[in-house]
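Its first residue numbered 15, the sequence shown is counted upward by one per residue in the working numbering. Virtual Cβ for every residue (Gly too), placed ideally from N, Cα, C. Since the structure is predicted, the reported quantities are computational estimates derived from the model, not experimental observations. Have a look at the structure below before the remarks.
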Amino acid sequence: MKIGVITSSFRLETRRALETAREIGADGVQLPAVGGDLDPQSLTRTGRQNLLHVLDSLGLEISALCGDLGGGGFVDPADIEWRIERTKQILDLSIDLKTPIVTTHIGVIPQDRDNPSWQTMQEALKELADYAAERECYLAAETGPEEPELMRKFIETVDSQGLKVNYDPANLVMRGFDPIAGVFSLRDYIVHTHAKDALGPDKGPEEVPLGEGDVSFPKYIRTLQENGYDGYLTVEREVGDNPVADIAKAVQFLRNLLARLNQ
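This is the structure in structure tokens:
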């Protein structure tokens, strides 16, 4: 496995964030592709080439792009065409930046398949997933609002090789779901993960530093390995007053843990 960081978590400008990722020992970075200087509407072809050059000079890979458009995801028919078009632009950007994965929040999947939102989401994600598959990349839905088994069933109904999963164990913990059991439900679809810890509803819910929450990382990482995942553990830190220090500690925590597990 490799260790990544989400550059936006540093709260620094892009170049300094990339340098910081290298300084703290990350193997790769997940880049934000909505708003800012890395948005596909802002990043020119020359800018894309320059970014790849900078990454290469720092010895960093791109683990994935973050294409989260905010709001309710692909649920509201009133803005779904805009969301589809913007996501396609981000998928195209991922090809130029030589990373096959774009992560996003797709919205809350309804429990009832007869709910109109199910069909709206299914049709939108089918279009996007097929678009991704044709370009040999993936749109990875982030776990969180619903139990993993429901997400698995939804992905199966979309029925496209382009729709996969960005697995975030902390999001599941904060909703009261078991992140270990969830790996078994979604193991065929996980292409990227977020390394984040949290306390569950009985004690929070709230995000906490890695190793201080309810995600049992030794068991969680071992479960990922045993189910065939060998990709990125990408540190995400959305709270805290000193994100650089917190992320550096998280990277070292994961590095030490992987060394022990791989002995």
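Beta-carbon proximity of residue i to residue j, cut-off 8 Å
{"i": "L108", "j": "C151", "result": "Inspection of the sequence shows that residue 108 is occupied by Ser rather than by Leu. It is a contact, given that the beta carbons lie within the stated cut-off."}
{"i": "A40", "j": "I17", "result": "yes"}
{"i": "A147", "j": "Q175", "result": "yes"}
{"i": "T248", "j": "S77", "result": "yes"}
{"i": "D182", "j": "E156", "result": "yes"}
{"i": "Y246", "j": "I204", "result": "no"}
{"i": "I123", "j": "F88", "result": "no"}
{"i": "V116", "j": "L57", "result": "no"}
{"i": "L111", "j": "R36", "result": "no"}
{"i": "L74", "j": "L32", "result": "yes"}
Separation of residue j from residue i, as counted between CA atoms
{"i": "P54", "j": "V68", "result": "18 Å"}
{"i": "P91", "j": "M135", "result": "9 Å"}
{"i": "N59", "j": "L66", "result": "Note on residue identity: the sequence assigns Arg, not Asn, to residue 59. Each residue's Cα considered, the two are about 11 Å apart."}
{"i": "R97", "j": "V222", "result": "31 Å"}
{"i": "G84", "j": "P232", "result": "32 Å"}
{"i": "D144", "j": "G86", "result": "22 Å"}
{"i": "N276", "j": "T207", "result": "19 Å"}
{"i": "G190", "j": "E141", "result": "31 Å"}
{"i": "A262", "j": "I38", "result": "5 Å"}
{"i": "D51", "j": "P114", "result": "20 Å"}
{"i": "D70", "j": "R30", "result": "15 Å"}
When the options are compared against residue i, the one with the closest alpha-carbon
{"i": "A273", "options": "E250, I104, H206 and R236", "result": "R236"}
{"i": "E137", "options": "G218, D182, D173 and L57", "result": "D173"}
{"i": "V187", "options": "I261, E160, L200 and F198", "result": "E160"}
{"i": "V179", "options": "N185, T171, R189 and M165", "result": "M165"}
{"i": "Q133", "options": "T171, T113, R100 and T117", "result": "T171"}
{"i": "R25", "options": "D255, R97 and Q63", "result": "D255"}
{"i": "R201", "options": "T113, E220, E163 and A209", "result": "E163"}
{"i": "I120", "options": "I261, G196 and G158", "result": "G158"}
{"i": "F198", "options": "Q239, L139, E220 and A184", "result": "Q239"}
Anticipated Cβ contact below 8 Å, residue i with residue j, distance rounded
{"i": "G225", "j": "D211", "result": "7 Å"}
{"i": "V258", "j": "T34", "result": "6 Å"}
{"i": "A264", "j": "A195", "result": "No, A264 and A195 are not in contact; Cβ-Cβ is about 24 Å, not under 8 Å."}
Next item on the list: Would you mind listing the alpha helix (DSSP H) stretches within the region 55 to 117 that are 4+ residues and don't spill past its ends, in chain order?
Entry: 59 to 72 and 94 to 110
Next item on the list: Return the chain-ordered ranges of every alpha helix (DSSP H) run that is complete within the region 219 to 253 and spans a minimum of 4 residues.
Entry: 231 to 240
Checklist line | alpha helix (DSSP H) runs wholly inside the region 179 to 225, at least 4 long, in chain order | finding: 183 to 188 and 193 to 200
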